[in-house]
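Input: a single structure, listed below in structure tokens.
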Amino acid sequence: MENDPEIVREVENALHVDIIPGTEIMAQVAGIHLVESKSDGVLVPQPSNNPEDPLNWSPLWKGIVMSSMIMTSFLQAFGPLAIAPQVPQYMAEWNRSPPEILRFIGISILVLGFSNFLWVPLSTTYGRRWVLIASAAVSLGSCIWRATATSYSSFLGACILHGVGAGTAETLPPVLISDIKFLHERGFWMNVYTWSYFGSLMVGPIVAGAMTDRYGWRSFWWLNVVLYGVMIVLQLFLHPETHYDRRHLVGAGPGSDDRGLIPSDSSNADAEKPTVATSENPPHALEHVDEYFGKGTPIRSQFVSVIRRTSKKESLLSLWIPIKLFSFPIVEWTSFAFSWSASGFLMVNLTQSQAFAAPPYNMSSTAVGLTNFAPLVGATIGMLTAGPLSDWVSMRATRKNNGIREPEMRLPSLIPFVLCTIVGTLVTAYGYQNAWKWEIIVIVGYTLLGLQVSAISAIAMTYSIDSYKPVAGEILVSATVNKNLWGYGVAEFLTHWIISSGYVAPMTTIMGTSVVIYLFAIPLYIWGKNLRRITKDSNIHSM
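Quick note: the sequence shown uses the working numbering, first residue 2, plus one each step.
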């Protein structure tokens with residue numbers, strides 16, 4: 002409906018509510034008849050009456066795309082940050098200090114974010130499918146380089162290339178979710194994405210540590226080569242293009258010709274003009290029939306064609322939009338919430354070898370790697386709880402709001418996960434400092450830090466994407482560049498700070514900064530719609 006200003010005004014008058022970008026009608030109200038599912042009510046966004054529309058695809062094809070999304074986010078993040086258990090081997094190989102070896106992680110983090118200034122515009126211009134395949138090919142080449150590197154500088158160059166290729170793991174999976182999933186489903190699938198992404202950062206060190214002890218550090222990178230090869234083949238044959246241009250759709254996009262809301266009484270003299278039910282207009286004046294819902298399939302062109310060509314102006318605009326979005330308070334808050342929840346987990350990744358390979362623990366590379374099972378369990382708990390919790394909280398608030406949903410309704414679900422951040426950091430920091438039993442540090446501290454990163458990231462990202470849906474990919478670029486800049490900084494200073502001051506001061510500083518950022522969710526919950534109203538006329542809503 003937001004594509005037709007006249008309908009928006011009439012609905013606002015009928016419902017006495019401002020309908021601005023991000024505000025959604027989730028019930029059959031004001032006499033509008035919208036496409037809905039039997040179990041979940043009104044569908045947002047509204048699918049078109051076209052079997053090629055990804056929103057209409059069958060559960061089988063949607064499942065295939067979501068499987069590809071999980072595979073991309075998992076494998077592209079599996080290798081770049083997995084070297085923590087291998088630090089002693091790299092030190093011995095090239096006679097370097099721990100901070101110099103940990104620079105492999107820092108430089109990968111930095112490049113991962115900025116590479117999306119390349120990948121997201123390309124995905125908008127040439128399609129998600131071909132960008133996913135191309136980025137996997139770049140990553141495959143970088144892993145061959147890693148496995149054959151003979152010097153510190155050469156391996157560092159391979160890390161940079163790997164960061165370029167793997168950047169798609171941080172931006173395109175949420176775009177795929179936005180392409181084929183409805184609003185009421187996105188909370189769960191965003192949690193699946195963050196679980197698969199951050200889960201791979203936890204599984205990677207487990208595998209890397211075990212393979213390094215048994216077969217040497219190069220074997221881990223040859224494993225990555227094989228995994229990327231398999232992924233490329235599967236995406237070539239099974240991953241269709243999911244981009245579907247909805248800008249041409251008037252209203253919600255229904256009707257047999259995809260032109261908009263079609264009056265149910267076609268004999269009416271005003272049939273060509275959509276109307277909203279009021280005291281003069283009977284209920285169900287607007288009809289949206291989608292005969293292909295749940296039955297559509299991708300066609301041949303969605304496997305072989307480039308989606309569209311853009312002008313140079315549009316291409317340059319796609320580079321500018323992520324920078325512009327950072328001036329939007331909602332996107333800025335999301336970027337920092339995402340950054341500092343990830344920094345909470347990065348503390349584990351950067352300190353596990355430093356703490357557990359030294360006395361009194363003296364763990365092997367395999368044992369250090371196995372400690373990552375704890376944050377993986379935590380991330381899994383976060384996936385199973387945060388998505389359903391945020392969906393339930395927002396749906397409950399929607400019912401109380403007469404079927405009108407605001408993106409801010411998700412924010413209260415952050416509360417339990419902020420508490421996890423505080424407890425997890427304190428247990429880990431004081432456990433390291435006072436040489437507590439490793440079981441306490443790992444089972445309590447690591448698990449809670451893994452839980453919070455998957456949960457807070459997903460909730461914060463879903464909030465911004467719900468507010469500015471047309472630029473979901475660009476939002477992810479803004480957020481990941483910010484996250485990776487801070488991650489690079491943490492990777493560079495944390496080890497030196499720990500050596501000079503111990504574990505407690507730097508880790509609790511990161512925790513305190515995180516909590517302050519999360520507390521800004523309170524004013525956003527109260528005034529977030531006002532902030533969206535300020536940006537409602539921005540050109541990003543017509544992209």
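All C-beta atoms in this analysis are idealised placements derived from N, C-alpha and C, irrespective of residue type, glycine included.
- Apart from sequence neighbours up to five positions away, the residues of its chain that approach Gly432 with a beta-carbon distance below 7 Å are Ile441, Ile442, Gly446, ordered along the chain.
- Between the segment 121–138 and the segment 209–220, the count of C-beta pairs closer than 8 Å stays below three; the two stretches do not touch.
- In this structure Ile457 is in contact with Ser342, their Cβ atoms being roughly 4 Å apart against a cut-off of 8 Å.
- In the DSSP assignment, Phe374 falls within the unbroken alpha helix (DSSP H) covering 374–401.
- One Cα belongs to Leu385, the other to Ser455, and the distance between them is close to 10 Å.
- DSSP, reduced to helix, strand and coil, places Arg147 within a helical segment of the structure shown.
- Checking the DSSP bridge columns, you'll see Glu186 has no partner listed.
- Using a C-beta cut-off of 8 Å, the segment 363–372 makes no contact with the segment 519–537, since fewer than three inter-stretch Cβ pairs fall below that distance.
- In the structure shown, the three-state DSSP call for Arg406 is strand.
- Between the alpha carbons of Ile535 and Asn363 lies a distance of about 56 Å.
- In this structure Gln47 is not in contact with Ser366, their Cβ atoms being roughly 53 Å apart against a cut-off of 8 Å.
- Glu242 carries a coil assignment under DSSP once its states are collapsed to helix, strand and coil.
- Residue environment: Glu409 is assigned as buried (16 or more neighbouring CB atoms within 10 Å of its CB, all protein chains considered).
- No Cβ-Cβ contact shorter than 8 Å links Ala459 with Ile466.
- About 6 Å separates the CB atoms of Ile541 and Tyr469; that is less than 8 Å, so the two are in contact.
- Look at Ile460 here: in three-state DSSP terms it is helix.
- Assignment of Gly210 by DSSP, reduced to helix, strand and coil, places it in the helix class.
- Collapsing the DSSP output to three states places Gly168 in a helix.
- In the structure shown, Gly446 falls within a helical segment according to DSSP collapsed to helix, strand and coil.
- With respect to the 8 Å criterion, Pro413 and Tyr526 are classified as neighbours on the basis of their beta carbons.
- Check the Cα spacing between Leu326 and each of Val349, Gln453, Ala480: the tightest is with Ala480.
- Note on geometry: alpha-carbon atoms of Ile322 and Trp439 lie some 46 Å from one another.
- For Pro175, same chain residues with a beta-carbon under 7 Å away, outside a window of 5 residues either side, are Met191, Tyr194, Met462, Ile466, Ala473, Leu477 in chain order.
- Beyond the five residues adjoining it in sequence on each side, Asn483 comes within less than 7 Å, by CB distance, of Ser336, Phe337, Ser340 in the same chain, given in chain order.
- Looking from the CA of Trp437, the closest CA among Ala356, Pro22, Thr126 belongs to Ala356.
- The segment 197–209 and the segment 103–115 do not touch, with fewer than 3 CB-CB distances between them shorter than 8 Å.
- CA-to-CA, the gap between Ser302 and Asp538 works out to about 34 Å.
- In terms of Cβ geometry, Leu141 and Gly230 form a close pair [threshold 8 Å].
- Classified as buried, Asn117 has 16 or more neighbouring CB atoms from the shown chains inside 10 Å of its CB.
- Fewer than three Cβ pairs drawn from the segment 227–243 and the segment 81–97 lie within less than 8 Å of each other, which leaves the two stretches out of contact.
- Cβ contact annotation for Asp180 (same chain, cutoff 6 Å, sequence separation greater than five): Pro55, Thr243, in chain order.
- Taking all protein chains shown into account, Thr429 has 16 or more neighbouring C-beta atoms within 10 Å of its C-beta and is therefore buried.
- A Cβ-Cβ contact shorter than 8 Å links Ala170 with Ala78.
- Residue nearest to Thr381 within the set Thr422, Ala368, Thr448 is Thr448 (criterion: CA-CA distance).
- Beta bridge pairing from DSSP links Gly297 with Trp58.
- Nearest in C-alpha terms to Gly168, of all of Gly205, Val112, Ser220, is Val112.
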